[in-house]
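A.B. asks: Under UniProt numbering, the first residue of the sequence shown is numbered 1, with each subsequent residue one higher.
Supplied in structure tokens, the structure appears directly below.
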Amino acid sequence: MNTLEKYELEDLEQTSVEGWTIDDIGGADWALRKISALQSQNDEIKKFADLERERIVSWETKETESNNERISFFEKKLSEYLNKLRKDDPKARIKTPHGTVGTRKVPDKWEYSSEAVAELKKLGMTEYVRIKEEVDKAALKKSVSVLEGGRIVNSDGEVIEAVKVIPQGEKLSVKVEK
């Protein structure tokens, strides 16, 4: 933020916002300068916050990395001990007041290649192939007419009840030169 923008912000704080209006091009330019100064201040705040977030993430990673290495070490030792117990009892578990150690069956992972659909169709197993149907919005917009009230009709004059157009009006666009 430059000195002029700081001055603009100080001037803004002194100006009463209640009952204030823009009456001429000078007032509009003054308001645009204020917007520019406030946007610059927002940019500085965001830049500072991004640096702080980055620093905090770095600190968190550094702090948890050594803990995660230790956790992996202890989990490996527990796994070794559980495997030793499982030699005598295949369903052995470790239970203590501070937790339990056991194993769970992980379901098999199914991999589908890009040719799976074509192969299933070739084998006549089309009941296992899903076809996704959706409205081609771009083509529909080009082929219909919009009536008052947002209703649309096709080229045959039939009203399509399932689709309606909701007018959005206008949106103010303020572009500030920096």
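Think of the CB as a built atom: it goes at the ideal place given N, C-alpha and C, for glycine as much as any other residue.
Considering only residues of the same chain and omitting the five flanking positions on each side of residue 195, which have a CB-CB separation below 6 Å?
C.D. replies: The question about residue 195 has no answer here: the residues shown for the chain are numbered 1 through 178.
A.B. asks: Out of Val135, Glu133 and Ala116, which has the shortest C-alpha to C-alpha gap to threonine 126?
C.D. replies: Of Val135, Glu133 and Ala116, the residue nearest in Cα terms is Ala116.
A.B. asks: Need the endpoints of the alpha helix (DSSP H) that valine 57 sits in, please.
C.D. replies: Residues 25-86.
A.B. asks: Which first and last residues belong to the beta strand (DSSP E) in which alanine 162 is found?
C.D. replies: Element bounds for alanine 162: 159-164.
A.B. asks: In terms of residue numbering, what span does the beta strand (DSSP E) encompassing lysine 95 cover?
C.D. replies: Element bounds for lysine 95: 94-96.
A.B. asks: When DSSP labels each residue in this structure, what does valine 153 get in the three-state scheme?
C.D. replies: If DSSP states are grouped into helix, strand and coil, valine 153 belongs with the strands.
A.B. asks: Does DSSP classify threonine 100 as helix, strand or coil?
C.D. replies: Residue state, collapsed to three classes: strand.
A.B. asks: Which residue marks the beginning of the alpha helix (DSSP H) containing leucine 117, and which one marks its end?
C.D. replies: Note on identity: in this sequence residue 117 is valine, with leucine being the wrong assignment. That run of the alpha helix (DSSP H) goes 116-122.
A.B. asks: Reducing DSSP to helix, strand and coil, say where serine 143 ends up.
C.D. replies: Helix, per DSSP.
A.B. asks: Could you compute how far the alpha carbon of glutamate 161 sits from the alpha carbon of lysine 171?
C.D. replies: Their Cα atoms are separated by approximately 28 Å.
A.B. asks: What does the Cβ neighbour count give for isoleucine 94, buried or exposed, with the cut at 16 atoms within 10 Å?
C.D. replies: Burial call: exposed.
A.B. asks: Considering only their Cβ atoms, is the gap separating lysine 142 from valine 129 smaller than 9 Å?
C.D. replies: Going by C-beta atoms, valine 129 is not nearer than 9 Å to lysine 142.
A.B. asks: Identify whether residue 182 lies in helix, strand or coil by the three-state DSSP scheme.
C.D. replies: Only positions 1 to 178 of the chain appear in this structure, which leaves residue 182 out of reach.
A.B. asks: Helix, strand or coil, according to DSSP, for glutamate 177 in the structure here?
C.D. replies: Coil, per DSSP.
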